[in-house]
Amino acid sequence: MNVPIREDRRTRYMFLEPTEAWQLLSLCTALTVAFLLAVHFTKLKAKVPLFYSWIGAIAIFGGALAFLLPIALNSGFGKDDDGRVLRQLILYTTGGVLGVITLGESHRKNNQEKEKNENDHTRQVYAERRSRYTKAVEHLADEKAGVRLGGIYTLVGLVDEWLADDSLKPSEQQKEGQVIINNLCAYIRSPFSLALKAEMIEGDSEPDNYEGDFSKDQAAFREEQDIRRAIFVEMGKRSSGTIEEEGEVVETVPGPWSDFDFDFSRAPIFYPLNNLNIEQGNFASTRFYGKADFVDAKFVRDADFRNAKFTKDADFWGAEFTGNADFQYAEFLEDAGFRKAKFTGNISFGGAELTGNAYFGGAEFTGNISFRSAEFTGNAHFGDVYLGNVKFVGDADFGNAKFARDADFGNVKFVGDADFGKAKFTRNAAFQYAKFTRNADFWEAEFTGDTDFWEAEFTGNAHFLGARFSGNAHFLGAKFTGNAGFGNTKFTGNAGFGNAKFTGNAHFLGAKFTGNADFGNTKFTGDAYFLDAKFTGNANFGNAKFTGYVGFNGSYFGQYAPTFAGISGAARFSAQVDPQDYVFTVREGSKAIKCGTATLLGKSFIIPLGTVLFGPSSRGKNSRTSEPAKPLDNSNNGKDDNPE
108 MNVPIREDRR TRYMFLEPTE AWQLLSLCTA LTVAFLLAVH FTKLKAKVPL FYSWIGAIAI
168 FGGALAFLLP IALNSGFGKD DDGRVLRQLI LYTTGGVLGV ITLGESHRKN NQEKEKNEND
228 HTRQVYAERR SRYTKAVEHL ADEKAGVRLG GIYTLVGLVD EWLADDSLKP SEQQKEGQVI
288 INNLCAYIRS PFSLALKAEM IEGDSEPDNY EGDFSKDQAA FREEQDIRRA IFVEMGKRSS
348 GTIEEEGEVV ETVPGPWSDF DFDFSRAPIF YPLNNLNIEQ GNFASTRFYG KADFVDAKFV
408 RDADFRNAKF TKDADFWGAE FTGNADFQYA EFLEDAGFRK AKFTGNISFG GAELTGNAYF
468 GGAEFTGNIS FRSAEFTGNA HFGDVYLGNV KFVGDADFGN AKFARDADFG NVKFVGDADF
528 GKAKFTRNAA FQYAKFTRNA DFWEAEFTGD TDFWEAEFTG NAHFLGARFS GNAHFLGAKF
588 TGNAGFGNTK FTGNAGFGNA KFTGNAHFLG AKFTGNADFG NTKFTGDAYF LDAKFTGNAN
648 FGNAKFTGYV GFNGSYFGQY APTFAGISGA ARFSAQVDPQ DYVFTVREGS KAIKCGTATL
708 LGKSFIIPLG TVLFGPSSRG KNSRTSEPAK PLDNSNNGKD DNPE
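Position in the sequence shown (from 1) plus 107 gives the number in the working numbering.
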């Protein structure tokens, strides 16, 4: 009977009560959490590795949980009790968690080691590239041309490597590549003493009194030409390309080097750059020694030639400018050739000095173009019957431009506004067959030589207000669809408007004709104003046709009375206007306009003697005319028939 009693006591000492188990489990949880917090946020973190802290904490907490939780749940300790199964599950789970953490840590360390190795490799690659870069830059200063050329190709290859490096962000690739591009551009900008002798060295024979070793200098000169051109060649291969349809650029395809900045400003250029792609070419203040050869070159995006100086001929035959082209204040000391060139964007030659002849035959200007204040010392050719005539699609600004010799704009088409305000033409100016689709402004322009607007067409308004024609001015067969303004214009030589057509109003208010003025066979569909005009020489209006208002009030005829009816025929005046719209009262002291009367459509008009009225026929097909105007007073045969 005593044995069971002793067994009962042993059982009470061996096991805890569920409440006590919960208390101990809570205490273990609190201690575990406190330990982990201490490891993370106290100085203990530096002494105990986090990984081992977590492993130990999980192992201890898992063991305590496996021992105390079955007691707390009163699951029993027997082999058939639930406590045994629960305890095994907790231990298995704890072991699994520890295994997963251990595997994760191993994987992290492996990745860390791999990343470290990759970083070490990347650093080695970067170091190797920078070492090659340093050596390549040093090679650029080598005396041997082959070494310098090798340095160029090394630098070009390094740019490609940086751009192909996927371990870098695009901005970092761009930054690394731009550094090398800057070095290549710096080499282009570096001085070369033999460039000053370019013209002599490029000759086939040694010039007389040449200073130095001609053969040696010529070889060095040509080697340097090849090296520097090679840089442009490599840049061009990696620049943007263009897709063309029927000769027109429809799309620009970016190249791998398209986003770089290329600075060739102030560079000495003594080598050809023909047949190359040049993107964002900055040639500002560049000096070109020898012939500047840009034949068939393609300038992708903007091209900057501001303040550039071309010491010899500049040849841009067939060059294409897809962006804006800026030649402001550029100096062309000899001929400037832009034949067959294509300008897609806006172009500016503002303030440029063209000392030699300027050739633009066959060029295409799609955007606006400005030659404002440009100076043409040689002949300026914008018309070319063989290559095709220039077409200005955008506005053309020649305001304040100076043409020292002949200016040829024959057959040129101005689709946009044409501004020649205050331009100065020292010698002959040819605009024969030119077409002005919009407004043409020659306000206060000065024409010292002969001026030819033979059969020119002005669809918009034509402004010649205040212009001065010192030589002969030919407007024979010209067509003025809009208004034509010649107010205060001075014609010192002969002025020929024979066969011209004025569809809009024609204003000659205050105009001065020192030489002969010929308006024979001219048609004035709109109003014709000659108020206060002064005619010193002969004034011929024979066979002219006036449809609208005609005003000669205040005009002055110095030596000869004007001719309205002569060998070429009699002038014709419309009978469909108000008779008061014909005014022929001249100023005091002027030769009189001898007038008479003519009647048509039941109305009487005072018009110059011998001229006729015209109006529609009764059938509306052909116009009919009146009898020639007869003197107002038959007693003096019209000698004093001036209406006043």
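From the three backbone atoms N, C-alpha and C, an ideal C-beta is built for every residue, glycine too.
Would residue i pass as a contact of residue j if the rule is Cβ separation under 8 angstroms?
| i | j | result |
| --- | --- | --- |
| Y540 | N518 | yes |
| T632 | G655 | yes |
| R534 | T558 | no |
| N431 | D409 | yes |
| A465 | H488 | yes |
| S681 | F721 | yes |
| S548 | F527 | This sequence places Asp at residue 548; Ser is not what is there. Yes, the pair counts as a contact, with Cβ atoms nearer than the cut-off. |
| A243 | T229 | no |
| F637 | A678 | no |
| A705 | A736 | yes |
| G523 | V500 | yes |
| G603 | L583 | yes |
| L205 | A164 | no |
| L138 | L176 | no |
| E268 | R236 | yes |
| A293 | Y396 | no |
Give me the Cβ distance between residue i and residue j, rounded to the nearest whole Å; I'm assuming they're in contact under 8 angstroms.
| i | j | result |
| --- | --- | --- |
| E441 | K419 | 5 angstroms |
| L301 | I308 | 6 angstroms |
| F456 | A481 | 5 angstroms |
| F328 | L380 | That belief does not hold up - the Cβ atoms of F328 and L380 are roughly 16 angstroms apart, past 8 angstroms. |
| D639 | G617 | 5 angstroms |
| F560 | F593 | Actually they do not touch by this definition, with Cβ atoms about 12 angstroms apart. |
| N579 | N601 | 5 angstroms |
| F158 | C135 | Not a contact, Cβ separation roughly 21 angstroms. |
| F798 | G490 | Residue 798 lies beyond the residue range present for the chain, which begins at 108 and ends at 751; the question has no answer from this structure. |
| A607 | A585 | 5 angstroms |
State buried or exposed for residue i, treating a residue as buried only when at least 16 other CB atoms are found within 10 Å of its CB.
| i | result |
| --- | --- |
| I259 | buried |
| T118 | Since pLDDT at T118 reaches only 45, below the 50 mark, its modelled position is unreliable, and the value read off the structure follows with that caveat. T118 is exposed by the Cβ-count criterion. |
| K251 | exposed |
| H214 | exposed |
| N109 | Residue confidence for N109 is low, a pLDDT of 44 falling below 50, so the modelled location carries little weight; the figure read from the coordinates is stated next. It is exposed - the Cβ of N109 has fewer than 16 other Cβ atoms within 10 Å. |
| P111 | Low confidence applies to P111: its pLDDT is 45, below 50, so where it sits in the model is not reliable, and the reading given next is rough at best. That one is exposed. |
| L144 | exposed |
| P375 | buried |
| I674 | exposed |
| E124 | exposed |
| Q687 | exposed |
| E222 | exposed |
| D315 | exposed |
| S347 | buried |
For residue i, tell me which candidate among the options has the shortest Cα-Cα distance.
| i | options | result |
| --- | --- | --- |
| D368 | A465, Q195, I287, P379 | I287 |
| S160 | L172, V192, T209 | T209 |
| D504 | P669, F321, A646, F472 | F472 |
| A248 | S297, L275, V207 | S297 |
| L383 | T393, T359, A337, P363 | A337 |
| N647 | I700, N660, D688 | I700 |
| F174 | D400, W129, H147, V146 | W129 |
| N389 | K150, D370, L198 | D370 |
| V657 | N612, D625, N623, G676 | N612 |
| F712 | S733, P723, S724 | S733 |
| V753 | V500, E553, G661, I674 | The structure shown does not extend to residue 753, since the chain is modelled only from 108 to 751, so the question has no answer here. |
| Y199 | G211, G170, E222, E220 | G170 |
| N650 | P715, Q687, G703, K710 | P715 |
| D685 | N218, V140, L708 | L708 |
Go through its chain and collect everything with a Cβ distance to residue i's Cβ below 6 angstroms, but skip five positions before and after it.
| i | result |
| --- | --- |
| A448 | F423, A426, A470 |
| Q332 | Y378 |
| K619 | K597, K641 |
| Y663 | K641, R694, S697 |
| F412 | F390, F434, A437 |
| N453 | N431, G474, N475 |
| A536 | A514, F554, T558 |
Would the C-beta of residue i count as close to the ligand NAD, meaning under 7 angstroms from any of its heavy atoms?
| i | result |
| --- | --- |
| L716 | As for the ligand NAD, it is missing from this structure, which has no ligand bound. |
Once the 5 residues before and after residue i are set aside, which same chain residues still bring their CB inside 8 angstroms of it?
| i | result |
| --- | --- |
| T451 | V356, E427, F428, T429, G430, T473, G474 |
| F609 | F587, A591, T629, K630, F631, T632, G633, A635 |
| Q285 | F367, D368 |
| N744 | Bear in mind that a pLDDT of 44 at N744, under 50, signals an unreliable position, so the model cannot answer this. |
| R116 | In this predicted model, R116 has a pLDDT of only 36, less than 50, meaning its place in the structure is not dependable; the value taken from the coordinates is given anyway. Correct list: empty, nothing qualifies. |
If you drop the 5 nearest sequence neighbours on each side, which residues of the same chain put their C-beta closer than 7 angstroms to that of residue i?
| i | result |
| --- | --- |
| E313 | F321 |
| P669 | F642, A646, F648, I700 |
| N290 | V244, L262 |
| D400 | P379, L380, N381, D422 |
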